[in-house]
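See below for the structure under consideration.
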Amino acid sequence: MLLRWAATLCVSVLLGAPASLAQDTLDIQRLFADPGLGGSVPGGLAYAPDGSIVTFIKARPDDAQQFDLWAYDVATGEASMLVDSKRLEPDDFVLSEEEKALRERKRIASRRGIVQYQWDVQGKALLVPLAGDLFMFTLADQSIRQLTETDAFEYDARISLNLP
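Dropping the structure here:
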């Protein structure tokens with residue numbers, strides 16, 4: 228339990244404050260501008276089933292509304308991007324009405340990219356819904372495979388099998 232708390236604290240510290248906080252003056256426009264003065268806080272923190280990795284969703288440094296999937300290795304203290312949402316999400320992608328409504332209910336309507344994911348029970352892969360389709364990221368070879376390619380919006384997807 229203490230190890231998980233420490234890893235979570237380290238992830239929060241590693242992410243640091245946004246570059247916009249480094250400016251010399253704080254004017255009224257900056258007080259109410261995005262990103263907020265609290266900085267970008269990682270979301271969706273989840274431990275791998277074996278506890279060796281903490282995964283989280285983090286805003287891109289160049290676009291505070293675009294989110295990618297990151298991993299923090301508990302043993303080494305290194306953070307790295309696992310899934311780059313800009314590589315997978317088409318530039319002309321438009322959210323369906325169902326997706327807009329779902330994001331509105333979750334209070335994440337302004338976010339693009341990865342907003343959720345799920346570990347498989349063995350900790351070998353992650354299911355990532357993105358751009359209305361489903362992707363499977365495999366840790367062993369750091370590969371990503373598109374599972375669906377439909378016009379329909381896939382939502383509330385769950386991993387229901389054990390991977391070999």
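Residues 228 to 391 in my numbering are what the sequence shown lists, from first letter to last. Here a beta-carbon is modelled for each residue, glycine too, at the ideal position from N, C-alpha and C.
Through-space distance from Glu376 to Ala367, alpha-carbon basis: 24 angstroms
CB-CB length for Arg314 against Gln345, believed under 8 angstroms: Arg314 to Gln345, Cβ: 20 angstroms. No contact.
Residue nearest to Ser279 in terms of C-alpha spacing, selected from Val301, Trp297 and Met308: Val301
Proximity winner among Phe283, Val348, Asp311 and Glu325, relative to Glu381 (alpha-carbon distances): In terms of Cα proximity to Glu381, the closest of Phe283, Val348, Asp311 and Glu325 is Glu325.
Exposure label - Gln255; buried when at least 16 CB within 10 Å: The residue you asked about is not Gln; residue 255 is Ile in the sequence shown. Exposed: under 16 other Cβ atoms inside 10 Å.
Start-to-end residues for the alpha helix (DSSP H) that takes in Ile255: Ile255 to Leu258
Rounded separation between Val310 and Leu253 - CA only: 34 angstroms
Rounded straight-line distance, which links the Cα of Ser387 to that of Leu248: With a pLDDT of 45 at Leu248, under the threshold of 50, the predicted position of this residue should be treated as unreliable, though the coordinate-derived value follows. Taking the straight line joining both Cα atoms gives about 43 angstroms.
Other residues of its chain near Ile371: CB distance less than 8 angstroms, five sequence neighbours each side excluded: Val310, Leu315, Val355, Phe362, Met363, Phe364 and Thr365
Which of helix, strand or coil DSSP assigns to Leu248: Only weak support exists for where Leu248 lies, its pLDDT of 45 falling under 50; the value from the coordinates is given anyway. In the displayed model, Leu248 falls within a helix according to three-state DSSP.
When Leu272, Leu264 and Ala260 are compared against Gln343, the one with the closest alpha-carbon: Leu272
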